[in-house]
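Numbering (the UniProt record's numbering), first residue to last: 1 to 153.
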Amino acid sequence: MIHEELPDQPLYFCARDIFKVVHCTPIPAKQLISALRRAGYKCSGSHCEQESYKTDASFDVIWDIIRCWIKRHPISEQRATYPKTSVILGKEPSFQADFAVLPEVETESRVAKHLRFPKYDHSGPMARPKQPPNRDRSVDQSESGDGTKRPRL
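(1) Please classify F19: does DSSP put it in a helix, a strand, or coil?
(2) List the endpoints of the continuous alpha helix (DSSP H) containing C68.
(3) Can you give me the start and stop residues for the alpha helix (DSSP H) that T85 sits inside?
(4) At the level of alpha carbons, what is the spacing between K30 and S123?
(5) Decide if R72 is buried, meaning its Cβ has at least 16 other Cβ atoms within 10 Å, or exposed.
(6) Please classify C68: is it buried, with 16 or more other beta-carbons within 10 angstroms of its beta-carbon, or exposed?
(7) Which residue or residues does DSSP assign as beta-bridge partners of K54?
(8) Ends of the alpha helix (DSSP H) at Q78?
(9) Distance check for K84 and R37, CA to CA, integer angstroms please.
(10) Just to confirm my understanding: we take S34, look at its own chain, exclude 5 residues before and 5 after, and list those with CB closer than 6 Å. What are they?
(11) Just to confirm before moving on: does the CB-CB distance between Y82 and C48 stay below 7 Å?
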């Protein structure tokens, strides 16, 4: 899976954070990668975080793709008036993004249905260890030299 990433791109962006800024529905991964590749850029998923992508595209190109997505899938008028959203959507995209899915977007790991971020059921805090039922907590079980049990400190 990590071998499917772009080796020459050290940085990545998290799509979820970008979509939160403009309050729009997220672009499905295959369509986002296809739109970036059709625009002439390289793009792949990243192992660092879910919904994160490595690409050689600038953020201007990424915002243009999001503007094209919002034209196809409009947001509510109330959300469009938010300060950051209105500034970003106030600019027209410099190109028209094509969201048709390319066949080469299907990687070997996706076809084999490998999980990139598996859930671990046995992680996190566990139950407190239980004491044996026959143990007396007020008196230590070991005997002192005279045959009596010594109190536990």
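The beta-carbon is built from N, C-alpha and C at its ideal position, and this holds for glycine as well. It should be emphasised that the depicted structure is a prediction, and the values quoted were computed from it without experimental measurement.
Quick answer:
(1) To locate residue 19, count along the sequence shown from 1; it is residue 19. Here F19 sits in helix by DSSP.
(2) Position 68 of the sequence shown, counted from the first residue, corresponds to residue 68. Residues 59-72.
(3) In the sequence shown, the residue the question calls residue 85 occupies position 85. T85 -> alpha helix (DSSP H) spans 83-90.
(4) Locating residue 30 in the sequence shown gives position 30, where the first residue counts as 1. Locating residue 123 in the sequence shown gives position 123, where the first residue counts as 1. Roughly 31 Å between the two C-alpha positions.
(5) Within the sequence shown, the letter at position 72 stands for residue 72. It is exposed - the Cβ of R72 has fewer than 16 other Cβ atoms within 10 Å.
(6) Position 68 of the sequence shown holds residue 68. Buried, because 16 or more other Cβ atoms sit within 10 Å of the Cβ of C68.
(7) If you number the sequence shown from 1, residue 54 lands on position 54. S44, per the DSSP bridge assignment.
(8) On the sequence shown, residue 78 is found 78 positions in, with the first residue counted as 1. Per DSSP, Q78 belongs to the alpha helix (DSSP H) from 77-80.
(9) Along the sequence shown, read from residue 1 onward, the residue named residue 37 stands at position 37. Along the sequence shown, read from residue 1 onward, the residue named residue 84 stands at position 84. Rounded to whole angstroms, R37 to K84 spans 27 Å at the Cα level.
(10) For the purposes of this step, residue 34 is taken as residue 34 along the sequence shown, with counting starting at 1. These residues qualify, in order along the chain: V101, L102, V105.
(11) Mapped onto the sequence shown, residue 82 falls at position 82. Mapped onto the sequence shown, residue 48 falls at position 48. No, these two residues do not count as a Cβ contact at 7 Å.
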